[in-house]
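Peer 1: Handing you a structure now.
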Amino acid sequence: MTTDWIATARTLSEALPYLQRYDDAIVVIKLGGHAMGSEDAMDSFARDVVLMRQVGLNPVVVHGGGPMINEMLGKLGVKSEFVNGKRVTDQATVDVVEMVLSGQVNKRIVQAINRQGGRAVGLSGKDANLMICEQTDPALGLVGTPSKVDPNVLNALFEDDTIPVIAPLGAGENGETFNINGDTAAGAIAAALKADRLLLLTDVSGVKNADGEVVTELMASQVREMTESGVIAGGMIPKTQTALEAVEAGVRAVVILDGRLPNACLLELFTDHGAGSLIRMQPKGS
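In my numbering, the protein residues as written are 2 to 287.
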């Protein structure tokens with residue numbers, strides 16, 4: 002018996018309360034570029050998702066794909082305009098976005114999960130009217146914000162032991178295709194499912210306080226205070242805003258965590274240590 006084997010057995014034993022606690026729970030995971038940058042990272046993420054399904058969780062993967070979209074726009078010579086630093090999504094651009102997200106990126110994740118022994122199905126918010134959108138800002142073109150989310154198709158997939166992998170696209174009331182921010186889409190889906198957890202995988206270690214230290218647990222009121230005071234700033238604001246909207250809509254807790262950390266989702270869900278910053282409405286037990 003080696004020390005590594007004993008440590009592995011101890012870890013599995015200590016995970017038991019968490020396995021029981023999350024039995025049949027819904028966990029929505031927003032996957033970004035960090036876990037899609039290499040085959041090894043993708044395979045590691047896929048194994049984690051398959052393990053979640055194997056031990057009784059219902060994982061839902063919502064993905065982005067910004068770098069892949071930019072690369073394809075460049076290859077096809079589709080020029081983009083920007084308003085206040087944000088890309089204007091015209092019809093030519095949204096056609097490329099749909100091709101990349103629903104085709105290249107979505108199917109790559111589906112294949113990775115299936116390769117690890119899972120059963121995944123790829124879809125977008127346009128399928129089965131999963132996400133109906135309103136235009137976010139006319140100046141930005143075909144960028145949408147979910148106004149209606151119908152999770153029935155996802156519940157049917159859970160019943161069939163299938164893992165949904167969702168591209169952040171939605172349909173407009175008049176049949177338009179809208180591009181949706183990945184975090185926004187994940188938050189809306191988690192809210193509609195009343196998910197136990199929404200995991201937002203990022204390229205940072207979590208929400209930091211004024212001293213630059215990661216805060217492991219935050220109440221919604223603290224997030225608002227830190228934002229108003231400027232402690233939460235820049236790219237962290239939209240993520241914490243998504244977290245606030247999700248917990249206010251009934252998601253039990255949202256975790257902002259570093260997706261570059263190996264097995265980040267498993268560390269958060271199944272160990273005492275956890276990972277990143279957990280945001281909830283009320284203190285635990287209240």
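All residues carry an ideal CB built from backbone N, CA and C; glycine is no exception.
What are the residues that DSSP puts in a beta bridge with M69?
Peer 2: Bridge partners of M69: none, in fact.
Peer 1: Distance cutoff 8 Å, beta carbons only. Does I257 sit that close to anything in chain B?
Peer 2: Annotation note: the requested chain B is absent from the structure, which comprises a single protein chain.
Peer 1: Among the residues of its own chain, which have a CB less than 7 Å from the CB of K149, if the five just before and after it don't count?
Peer 2: Excluding residues within five positions, the ones whose Cβ falls inside 7 Å are I133.
Peer 1: Is F159 buried or exposed, if buried means 16 or more other CB atoms sit within 10 Å of its CB?
Peer 2: That one is buried.
Peer 1: Do you know offhand how far L39's Cα is from L170's?
Peer 2: Checking the sequence, you will find Ser at residue 39 rather than Leu. Those two C-alpha atoms are separated by around 24 Å.
Peer 1: The beta strand (DSSP E) that contains Q136, what's its start and end?
Peer 2: From DSSP, the beta strand (DSSP E) with Q136 extends over 132-136.
Peer 1: Compare the C-alpha of M237 against each of P139, V252, V215 and name the closest.
Peer 2: For the residues P139, V252, V215, the minimum Cα distance to M237 belongs to V215.
Peer 1: How about N180 and L131: do their beta carbons lie closer than 8 Å?
Peer 2: Contact flag unset, no.
Peer 1: For L52, count neighbouring Cβ atoms within 10 angstroms of its own Cβ and tell me buried if that reaches 16, exposed if not.
Peer 2: By the 10 Å Cβ count, L52 comes out buried.
Peer 1: Say whether the region 59-74 touches the region 21-37, bearing in mind that this needs 3 or more beta-carbon pairs closer than 8 Å, one atom from each stretch.
Peer 2: Because the criterion of three Cβ pairs below 8 Å is met, the region 59-74 and the region 21-37 touch.
Peer 1: Are V101 and G66 close, meaning C-beta to C-beta below 8 Å?
Peer 2: It is a contact, given that the beta carbons lie within the stated cut-off.
Peer 1: Quick one: what's got a C-beta closer than 7 Å to M48's C-beta in the same chain, skipping five residues either side?
Peer 2: This sequence places Arg at residue 48; Met is not what is there. Excluding sequence neighbours, R48 sits near Q117.
Peer 1: Would you tell me roughly how many angstroms separate the C-alpha atoms of S278 and A254, rounded to the nearest one?
Peer 2: When rounded, the distance between both Cα atoms is 10 Å.
Peer 1: List in chain order: all unbroken alpha helix (DSSP H) runs of 4+ residues lying wholly within the region 103-151.
Peer 2: The region 103-151 contains these whole alpha helix (DSSP H) runs: 107-116.
Peer 1: Using the beta-carbon count (16 or more within 10 Å), is P165 buried or exposed?
Peer 2: With 16 or more Cβ atoms within 10 Å of its Cβ, P165 is classed as buried.
Peer 1: Reducing DSSP to helix, strand and coil, say where P169 ends up.
Peer 2: The answer is coil: DSSP assigns P169 none of H, G, I, E or B.
Peer 1: Would DSSP call R88 helix, strand or coil?
Peer 2: In this structure, R88 counts as strand in the three-state DSSP scheme.
Peer 1: Within 10 angstroms of the Cβ of G235, are there 16 or more other Cβ atoms? Answer buried if so, exposed if not.
Peer 2: When all chains shown are included, G235 counts as exposed.
Peer 1: Give a yes or no on whether the C-beta atoms belonging to V50 and L20 are separated by under 8 Å.
Peer 2: Cβ distance not < 8 Å, so V50 and L20 don't count as in contact.
Peer 1: Can V84 and L124 be called in contact, C-beta distance under 8 Å?
Peer 2: No, Cβ-Cβ distance for V84 and L124 is not below 8 Å.
Peer 1: Mapping DSSP to helix, strand and coil, what is P239?
Peer 2: In the structure shown, P239 sits in a helix (DSSP, three-state: H, G or I).
Peer 1: Could you give the distance in angstroms between the alpha-carbon of D128 and the alpha-carbon of A189?
Peer 2: So the alpha carbons of these two residues sit roughly 15 Å apart.
Peer 1: Could you spell out where the beta strand (DSSP E) holding N180 opens and where it closes?
Peer 2: Unbroken beta strand (DSSP E) run through N180: 178-180.
Peer 1: Which residues in the same chain as E99 place their Cβ atom closer than 7 Å to its Cβ, once the five residues preceding and following it in sequence are excluded?
Peer 2: Answer for E99: L170, T178, listed in chain order.
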